[in-house]
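Position one of the sequence shown corresponds to residue 1443 (this note's numbering), numbered consecutively onward. Scroll down for the structure; my scribbles are underneath it.
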Amino acid sequence: ASAALTALAIPRGPLDDDEAAALTRYRRTMAAIGELFETDHHLLALDPAPEALALGPAARVATILPDASPLASVRRSITAVGHTGPAPTDLAPASARFTPLGRMQRPPLDGPVDRRARPERL
């Protein structure tokens, strides 16, 4: 099954120096407090006993939590939730988009339809 999933993987695009540094900091922090599951395409970090919400960089990174309590401080800012099974509507405001995993970006936002501007570097 793992080989089949790897065959379907879409490579992460190139990271600039700031993004790579942020990913390295996040990886080291999460390795010290939890477990990492990483491929060339993504990084999942398990925080088994969160004391604060550790947000990773926008580089195909996700933090796995044992429960939703660390989200309370940012709940009103959540705009999208990926899920399996029934939508966990108690995690985010009613205005959030609840989407089954694997269907969140249709079409993908990292292709020719992406009209987001890159932030200016200082």
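We put the beta carbon where it would ideally sit given N, CA and C, even for glycine. Small disclaimer: the values here were computed from a predicted structure and weren't measured.
Contact annotation, Ala1449 with His1483: C-beta distance approximately 12 Å; criterion of less than 8 Å not satisfied. The C-alpha of Pro1535 is placed about 31 Å away from the C-alpha of Ala1473.
With respect to the 9 Å criterion, Leu1478 and Ala1504 are not classified as neighbours on the basis of their beta carbons.
If you draw a 10 Å sphere on the C-beta of Leu1497, you find fewer than 16 other C-beta atoms in it, and that means exposed.
When DSSP reads this structure, Ile1452 sits in no beta bridge, so it has no partner. Residue burial annotation: Leu1465 is buried, with at least 16 other C-beta atoms found within 10 angstroms of its C-beta. In this model, Met1546 and Ala1522 are separated by some 8 Å (Cα to Cα). Residue pairing from DSSP places Gly1524 in a beta bridge opposite Thr1541. With a 10 Å radius around the Cβ and a threshold of 16 neighbouring Cβ atoms, Asp1489 comes out buried.
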